[in-house]
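Here the protein sequences line up with chains A and B, keeping their order. Each step along the first sequence adds one to the number in our numbering, with nothing skipped, and position 181 is 181. Position in the second sequence (first residue = 1) + 1000 = our numbering. This report concerns only the one structure given below.
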Amino acid sequence: MITCRHLKFAYPGERFALEIDALDIKKGEKVALVGASGCGKTTLFNLISGILIPESGDLDIFGATPSALPVSERQQFRIRTIGMVPQNFELLDYLTIRENIELPFQITSVLPDHSGIAARCEELADRSGITAQLNKFPHELSQGERQRAAICRALIASPALILADEPTGNLDPGNQEKLVSLLLEEADRLGSTLFMITHEPELVPRFDRCIDLLKLRGEAGV
Amino acid sequence: MNFRGLLYLGSRYLTRHKARTLILVSAFTLVWLLPALIAMVVGQVETRIRARAGETPFLLGKNGSALELVFNGLYFTKPEIQVLAFRDVQAIQEGELASAIPLYSRFSAGKNRIVGTSIDYFLFRELEIASGRQLLRLGECVVGAKVAEENGIVVGDAVISSPETLFDLGGVYPLKMKVVGILGSSGTPDDSAIFVDVKTCWIIEGLGHGHDEADKLDPDKLLTTDATSGVIRVNASVEEFNEITEANVANFHFHGDTGDHPVTAAILIPHGTKEQALLKGAIAADKSLQMVSPTAEMDELFATVFSVQRVVLWILFAVGIATILIGILVFLLSNRLRKDEFRQLRMLGADLSTMRALVVYEAVFVILVSLLLSGALLYLCSLVTPGIVRAVLAS
């Protein structure tokens, strides 16, 4: 479960401040996060993933408090627990799609059991419809294919929490639909919690719940 | 990120960006290779040049540039140096202080220098006859290995000296010389020389010549005959021999005293330290001659060469520093371009120090590969350059 109480964060020297009194997301829940640009959605994701440290308040992720952990342990916690899907695909251009998907296992020894990684990669690619693209480089793929590859990379370590930062932002409606389906199915299959930022109102009904960050922040916003 | 991951990502980045990596590796390879190569080649040249100089105790020559005398005496270059009289060489030969080997290297046959000397030269330089025999009489020659190889000369062939001045009727006429021997290769300038007896050189110069005996000539070719003095004057129709053969060798003769005839230098081999000192004193007393130590001259020459080499190395050092700075700039600029890549890695769990380690790894990889490559190239060059240096110095 993700529990957030009296969370407060501000970037040094900036007016922006994110304050959240209470937020609870259950294990396995699929939650859409909406809100106007600049209201702090990505900042909240960075706080949850431990990339940013809150000024005050409590943030509990599946029983752990990332901000209380030393840097290396926080990093290990993130690698083990969270799969992140960025908005702009963000695949490394000098690696093939297969290598990009397997990257989390290549760059860290935190993740256990490397043995079945190739099979797991192929399985994910098969379900995402990019098997034929596995040995290609990112520039050879369409935007939708690249985003699906980014999702495969986020899922390769079977994370307990999937943070998807507006992954459909650059896709056409058809591809948006396919991608959200893929994320929801995989989250279901893995029993993972899915927390996804979106600006597409038509996608929201597919989630268990929708949180409007502006409402969540109440009058404490910008 | 663990070390394996670092190797994996760094290697993939470098291999995927082949052109950039190749350019960087090539530039750094040249930075390491060029100074080392120059130092190596200069060292090899120095060793070979010093070896020949070191094998030649002293050179006798006319007063003038000592360095030109050394180059003429050792490498048969600078034929325009002042000549000394053969008498001066004879005087030392006949004395008890040193052995003297005359050298007259003024003429050439094509691009090869004709060196007039004595049999002692071959013994002194330990030159072996690979085929044929040693010089026995006027008009014969022994050619160096390279001369024979390049011109396809075999024993029994002939070489013709090059006329010096086409329009000077009193100048040097070509002489056809029979090749009686070919020297084994020595890797020295001797390989590119044509050796004759010093007297043969004087015949090339016109100081000696051969023609039918005047008293046996057709009366049509006679101008005057003085019965009292026995002097016979002949007209220009008398044919001069341009080749010395067994049949006409007796007709060759020198006009004037051969002691007055020229040589360009002589190799002096003092019989001992005391004799060397005495000889130096005697030659110093004769203001028209000089006795030069080739080793001392080479020391002076190499002092200049090394100062030039130092300048070149400093220039290369500056170019190297510039290249390294440009390399650093390339890395810094490419890191700015890789901002997104580093953000992704961070998102996936890599920390800042890992990213720095990745960049350092790539830089170290480029430097190490360039060092290995320059080492390998230097090794390959070290196999080839001695042959090139030997060939260049022999020509």
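Where is the CB? At the ideal position from N, CA and C, for every residue including glycine.
For this session: Indicate whether the contact test is met: 3 or more Cβ pairs, each with one atom in the segment 1024-1037 of chain B and one in the segment 1365-1381 of chain B, closer than 8 Å.
Result: yes
Exercise. Which class does V1330 of chain B belong to by DSSP, given the choice of helix, strand or coil?
Worked result: helix
Exercise. If you drop the 5 nearest sequence neighbours on each side, which residues of the same chain put their C-beta closer than 8 Å to that of V1312 of chain B?
Worked result: I1038
Problem set entry | chain B within 9 Å of M84 of chain A, Cβ atoms only | yes
Exercise. Do we get a CB-CB distance below 9 Å when we pair Q176 of chain A with the residues of chain B?
Worked result: Any Cβ of chain B closer than 9 Å to the Cβ of Q176 of chain A would place that residue at the interface, and such an atom is absent.
Exercise. Cα separation between L1024 of chain B and L1332 of chain B?
Worked result: 13 Å
For this session: Please list the segments of the alpha helix (DSSP H) lying wholly inside the segment 1019-1079 of chain B, counting only runs of 4 or more residues, in order along the chain.
Result: 1066-1075
Exercise. Can you list, in chain order, the residues of the segment 47-67 of chain A whose Cβ is nearer than 7 Å to any Cβ on chain B?
Worked result: none
Exercise. For the 8 Å Cβ check, are there 3 or more pairs between the segment 1248-1264 of chain B and the segment 1089-1103 of chain B?
Worked result: yes
Exercise. Between the segment 1274-1285 of chain B and the segment 1105-1124 of chain B, do at least 3 Cβ pairs fall closer than 8 Å?
Worked result: no
Exercise. For R1133 of chain B versus V1070 of chain B, is the C-beta distance shorter than 9 Å?
Worked result: No, these two residues do not count as a Cβ contact at 9 Å.
Exercise. Nearest chain A C-beta to L1345 of chain B closer than 9 Å, yes or no?
Worked result: At least one chain A Cβ lies under 9 Å of L1345 of chain B.
For this session: For G1156 of chain B, I'd like the list of residues in its chain whose CB is within less than 7 Å of its CB, leaving aside the five on either flank, ordered along the chain.
Result: V1179
For this session: Consult DSSP for E219 of chain A and reduce its assignment to one of helix, strand or coil.
Result: Here the model assigns E219 of chain A a pLDDT of 41, short of 50, so the residue's position is not dependable, and the following value carries that caveat. DSSP places E219 of chain A in helix when its eight states are reduced to three.
Exercise. Nearest-angstrom Cα distance between G174 of chain A and T168 of chain A?
Worked result: 10 Å
For this session: Under 7 Å between beta-carbons, which chain A residues line up against A1019 of chain B? List them in chain order, please.
Result: Chain A residues near A1019 of chain B: none, gap ~13 Å exceeds 7 Å.
Exercise. Would you call N135 of chain A buried or exposed, if buried means 16 or more other Cβ atoms sit within 10 Å of its Cβ?
Worked result: Exposed.
Problem set entry | Residues of the segment 99-110 of chain A whose Cβ lies closer than 8 Å to any Cβ of chain B, in chain order | Considering only beta carbons, the part of the segment 99-110 of chain A lying closer than 8 Å to chain B consists of E99, L103, P104, Q106, I107, T108, S109, V110, in chain order.
Exercise. Any C-beta of chain A sitting closer than 9 Å to the C-beta of T1323 of chain B?
Worked result: No, its Cβ sits nowhere closer than 9 Å to a Cβ of chain A.
Exercise. Would you call F1003 of chain B buried or exposed, if buried means 16 or more other Cβ atoms sit within 10 Å of its Cβ?
Worked result: exposed
Exercise. When the Cα atoms are used, what is the spatial distance from E73 of chain A to S56 of chain A?
Worked result: 20 Å
Exercise. Name the chain A residues that come within less than 7 Å of A1350 of chain B, Cβ to Cβ?
Worked result: I107
Exercise. Hey, how far is the Cα of L1207 of chain B from the Cα of L1138 of chain B?
Worked result: 13 Å
Exercise. Taking 9 Å as the CB-CB limit, is R1004 of chain B close to chain A?
Worked result: yes
Exercise. S49 of chain A and R78 of chain A look like a contact to me (Cβ under 8 Å); what is the Cβ gap, rounded to whole Å?
Worked result: Right, the Cβ-Cβ distance comes to about 5 Å (below 8 Å), so this counts as a contact.
Exercise. What does Y1008 of chain B reach in chain A if we use C-beta pairs closer than 8 Å?
Worked result: Q106, I107
Problem set entry | Endpoints, alpha helix (DSSP H) assigned at R153 of chain A | 143-155 is the extent of the alpha helix (DSSP H) around R153 of chain A.
Exercise. Taking 9 Å as the CB-CB cut-off, is Y94 of chain A touching chain B?
Worked result: Yes, because at least one Cβ of chain B sits closer than 9 Å to the Cβ of Y94 of chain A.
Exercise. Are the CB atoms of I156 of chain A and F195 of chain A nearer to each other than 9 Å?
Worked result: no
Exercise. Contact check, L95 of chain A vs L103 of chain A under 8 Å by CB: the rounded distance?
Worked result: 7 Å
For this session: Spell out the partners DSSP gives I1269 of chain B in its beta bridges.
Result: DSSP output for I1269 of chain B lists B:S1099 as bridge partner(s).
Exercise. Got a sec, what are the start and stop residues for the beta strand (DSSP E) S56 of chain A sits in?
Worked result: 56-61
Problem set entry | Start-to-end residues for the beta strand (DSSP E) that takes in E19 of chain A | 17-25
Exercise. Is it true that the segment 60-76 of chain A meets the segment 1003-1021 of chain B, where meeting means three or more beta-carbon pairs spaced less than 8 Å apart?
Worked result: Contact between the segment 60-76 of chain A and the segment 1003-1021 of chain B is absent, because fewer than three Cβ pairs lie under 8 Å.
Problem set entry | CA nearest to the CA of P1294 of chain B, picked from B:F1302, B:K1287, B:S1288 | Closest option to P1294 of chain B, Cα to Cα, is B:F1302.
Exercise. Between N1063 of chain B and the rest of its own chain, which residues show a CB-CB distance below 8 Å, the 5 nearest in sequence each way excluded?
Worked result: Q1082, K1287, S1288, L1289, Q1290
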